[in-house]
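Protein sequence lines, in the order shown, are assigned to chains C and S.
Here the first sequence is numbered in full-length UniProt numbering, starting from 1 and rising by one per residue.
Here the second sequence is numbered in full-length UniProt numbering, starting from 1 and rising by one per residue.
2 protein chains.
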Amino acid sequence: MSCCGHGHAGHDHAGSAPEDPALAGLAIRPDRLLDRLERLAAIGRTDEGACCRLALTDEDRAGRDLVVSWMRELGLEVRVDRIGNIFGLRRGSEDLPPVMSGSHIDTVRTGGRFDGNLGVLGALEVVEALNDVGARTRRPLVVAVFTNEEGARFAPDMLGSLAYVGGLPLRQALDTVGIDGRRLGDELERIGYAGDAGLGLYRPHAFVELHIEQGPVLDIEGVRIGAVESLQGISWQEVSITGQSNHAGTTPMRMRHDAGYCAAAIGTKLREIARELGGDQVCTMGMVRLHPNLINVIAARATVTVDIRNTDEARLQEAERRFADFLEALAHAEGVKIETRRLARFEPVRFDDGIARVVERHAASMGLSCRRMTSGAGHDAQMLARICPTAMIFVPSIGGISHNPAEDTRPEDLAAGAEVLLRTLVELAS
Amino acid sequence: MSCCGHGHAGHDHAGSAPEDPALAGLAIRPDRLLDRLERLAAIGRTDEGACCRLALTDEDRAGRDLVVSWMRELGLEVRVDRIGNIFGLRRGSEDLPPVMSGSHIDTVRTGGRFDGNLGVLGALEVVEALNDVGARTRRPLVVAVFTNEEGARFAPDMLGSLAYVGGLPLRQALDTVGIDGRRLGDELERIGYAGDAGLGLYRPHAFVELHIEQGPVLDIEGVRIGAVESLQGISWQEVSITGQSNHAGTTPMRMRHDAGYCAAAIGTKLREIARELGGDQVCTMGMVRLHPNLINVIAARATVTVDIRNTDEARLQEAERRFADFLEALAHAEGVKIETRRLARFEPVRFDDGIARVVERHAASMGLSCRRMTSGAGHDAQMLARICPTAMIFVPSIGGISHNPAEDTRPEDLAAGAEVLLRTLVELAS
């Protein structure tokens, strides 16, 4: 293997095609992987069949406890860092920077079974497959579980991996206040995952994350494996509108300062911006809160969240600019005060082309169709890409459904993704 | 006085101009009225200075207890009916159908000091003014406090007066479930206002309600008294949208079934309908609830309320029709399910022209500017108009602000309104 030990050697992985005879018989076992996925999914299951393990809740703690118990059963050395990221180390034959793989196990309120969990449990299955044949990789392997990837409770999303790579000071991360008013650091202490390891505990030789696509592309095209070479840029804002509450019957339309109308106008403007810019541009108003939120009272205040994404930084900025211009005109036209607060901003990310080629090659050797693609969602991998060569492996999401209890991926695709991950990690670690 | 005892003799009040020498010296005392208004406003006062006495809450109970204690102090015979309406009877010299006056003391969550309260406490001040001079009217006077006028907790609004006039069966009214899931009948029992008097306890000879305008017309025009001759029709709906929750980053715009976008589109469409129809047409989306209401999840479900009002029934129906057509097109275009539930529907109301002329005449005799006008808000008077000659007296709202802690009316306007009420009631009762 040509992974030569220097951290950012993106293209070095691609030339070699190792067929190490010592690894004959090495393979993941789909039944074990599927069993662990189901057992983890049972924690925080809602009446409607969703997984609800918001970051650092009791349900998240139960999920963490289960994964840590599995890590220990597989002989991994478990460490938890100060922001609650969990790492399971499998030592290599040489004391070199490790190859890291993993994802997250926190979910949105209406999460599916595989989002994040597949990346963690797929990496655990890689470890167990290596244990099965008694194989030792040259480089250590680290299975990582990052804190608060979803951002559904604490903003920004990918907080644990962002802090890990130095993109967010520890103090600031710990002081983050969630949608329920709780402080992240307090919740970490409460669930027993305020660890003592420093941030950036391991500096990986490479990072690979297996994930469901969460979009429709692979499913629609009938492609089994995505070699993810890039990731959309993300712009998150919270917009607060202050108008004037008044009687819904007696106040002529022209005399209103209606924060509820402004919220609505933002929602329809976002659709317009996405249509005008076209291509990959997506815009979402996912959260709306009105005050006093009563049928016969013009809303005095509104708070909405705005999620804008594009694979191209210039176009993402253009979308942001059009939205900002709109807010200014809206505030003027409606006689309201509009304030915005940036919750997250990540530029589009290019992943490591060499690792993407390793993924493509192994998929091909297994007879699996494969395509290069962009991730529409944010992932911990985008943070790790700041400190080491990184790529992702996607498997299809049926119907492209995600963040929904109906999220699903065929068992054979889950297994195929884990097998490609196994071969990719072994090559990178050899 | 020509009020001849037959219930609907609308024009009979107008011709007479009584100058009863026995009533010389009869006048309301502004200081007493203002003091009672302030003492009632102190109950349920919020940090931001609003009155929050949602119907049948502990705060509403405290307000009721205070008003009932005042009624008893003034010698009124207090009775409470099965829907919690409170009546204080002052006997007349003859056992005839009484002249009734009153309003409500429940508030919205961000209510002002005078909305409803002025009508109740103004009528109490009329009673005390009569007590002051030891005058007895020919007809009895009844001061009424109607249950749940605002509708901020239980729909429909004006529930107590609607039930009183036979427009809502008692059982159905008691089974109404509030926004907090509580049953109205249970809450009435809980606060001790499930009375034993039957609905329709008194069949009034006439009903007059003093109220703040809650709109800007009198204030802008500098007119002191509104003789209210009609009232807007009201259409309330709850609209429920069922889409599909999905990832805000990975789901292309064309593949979305976004309930949050639909809520926004409803908000902007309502503005458009109001603009197209013009005139008095008002439309409001006062309440929005999204699920799961998270920044990075396309909303699966949305519930919004729609408040449409017009003084003209045909135009109100036209607005409803345009809105219904829009919902149908929206459901089709977005691939979502949209259901509507009617929360309230009241046709525009014509008040009694004879009483309006009595109001105009007394305002003129006091040197107060006065105009005929329409009420933009719903009031208990519109229900009483179904069973007896009815009208309303409006006083200016500064800046037209209502349902807002900044709601205000000048003390001299409060007093002027109560004085016009006194003279009107005395004329109707003589």
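Just so it is clear, CB atoms sit at the ideal spot from N, CA and C, and this is done for glycine as well.
Work out the CA separation of residue j and residue i for me, nearest whole Å.
i: residue 138(C); j: residue 254(S); result: 47 angstroms
i: residue 266(S); j: residue 264(C); result: 8 angstroms
i: residue 77(S); j: residue 245(C); result: 38 angstroms
i: residue 75(C); j: residue 395(C); result: 28 angstroms
i: residue 38(C); j: residue 120(C); result: 13 angstroms
i: residue 312(C); j: residue 229(C); result: 13 angstroms
i: residue 95(C); j: residue 140(C); result: 7 angstroms
i: residue 259(C); j: residue 297(C); result: 11 angstroms
i: residue 269(C); j: residue 275(C); result: 10 angstroms
i: residue 317(S); j: residue 51(C); result: 45 angstroms
i: residue 392(S); j: residue 280(S); result: 19 angstroms
i: residue 306(S); j: residue 207(S); result: 30 angstroms
i: residue 158(S); j: residue 83(S); result: 12 angstroms
i: residue 457(S); j: residue 161(C); result: Because chain S in this structure spans residues 1 to 430, residue 457(S) falls outside the shown range and cannot be described.
i: residue 418(S); j: residue 210(S); result: 7 angstroms
i: residue 319(S); j: residue 135(S); result: 50 angstroms
i: residue 363(S); j: residue 302(S); result: 49 angstroms
i: residue 250(C); j: residue 372(S); result: 15 angstroms
i: residue 64(C); j: residue 155(C); result: 20 angstroms
i: residue 130(S); j: residue 323(S); result: 51 angstroms
i: residue 273(C); j: residue 331(S); result: 21 angstroms
Going by the DSSP bridge assignment, what does residue i pair with across the sheet?
i: residue 241(S); result: 302(S) and 338(S)
i: residue 231(C); result: 349(C) and 375(C)
i: residue 103(C); result: 145(C)
i: residue 197(S); result: 81(S)
i: residue 247(C); result: 297(C)
i: residue 226(S); result: 371(S) and 394(S)
Does DSSP put residue i in a helix, in a strand, or in coil?
i: residue 52(C); result: coil
i: residue 90(C); result: strand
i: residue 442(C); result: Since the first residue shown for chain C is 1 and the last is 430, residue 442(C) is missing from the structure and cannot be characterised.
i: residue 187(S); result: helix
i: residue 365(C); result: helix
i: residue 262(C); result: helix
i: residue 81(S); result: strand
i: residue 208(C); result: strand
i: residue 400(S); result: helix
i: residue 332(S); result: helix
i: residue 47(C); result: coil
i: residue 324(S); result: helix
i: residue 26(C); result: coil
i: residue 171(S); result: helix
i: residue 343(C); result: strand
i: residue 177(S); result: strand
i: residue 307(C); result: strand
i: residue 151(S); result: coil
i: residue 354(C); result: helix
i: residue 112(C); result: coil
May I ask which residues mark the beginning and end of the alpha helix (DSSP H) holding residue i?
i: residue 284(C); result: Run containing residue 284(C): none in the alpha helix (DSSP H); it sits in the beta strand (DSSP E), 282-284.
i: residue 62(S); result: 58-73
i: residue 119(C); result: 117-133
i: residue 417(S); result: 411-429
i: residue 217(S); result: 217-221
i: residue 164(S); result: 159-164
In the DSSP assignment, find the unbroken beta strand (DSSP E) run with residue i in it and report its ends.
i: residue 474(S); result: What is shown of chain S runs 1 to 430, which leaves residue 474(S) out entirely.
i: residue 393(S); result: 390-395
i: residue 290(C); result: 288-291
Is the beta carbon of residue i within less than 7 angstroms of some heavy atom of the ligand ADP?
i: residue 80(C); result: In the structure on display, the ligand ADP does not appear, and there are no ligands present to speak of.
| query | Does the pairing of the segment 225-243 of chain S with the segment 337-344 of chain S give three or more beta-carbon distances under 8 angstroms? | reply | yes
| query | Do the segment 185-199 of chain S and the segment 373-389 of chain S make contact, defined as three or more Cβ pairs closer than 8 angstroms? | reply | no
| Cβ pair count under 8 angstroms reaching 3, the segment 325-339 of chain S against the segment 285-299 of chain C | no
| Is there contact here, the segment 109-116 of chain C with the segment 172-181 of chain C, by at least three beta-carbon pairs under 8 angstroms? | no
| query | Is it true that the segment 46-58 of chain C meets the segment 93-110 of chain C, where meeting means three or more beta-carbon pairs spaced less than 8 angstroms apart? | reply | yes
| field | Against chain A: residues of the segment 210-221 of chain S by CB proximity under 9 angstroms | value | In the displayed structure, chain A is absent; the protein chains listed are C and S.
| query | Taking contact to mean at least 3 C-beta pairs separated by less than 8 angstroms, is the segment 57-67 of chain C in contact with the segment 177-192 of chain C? | reply | yes
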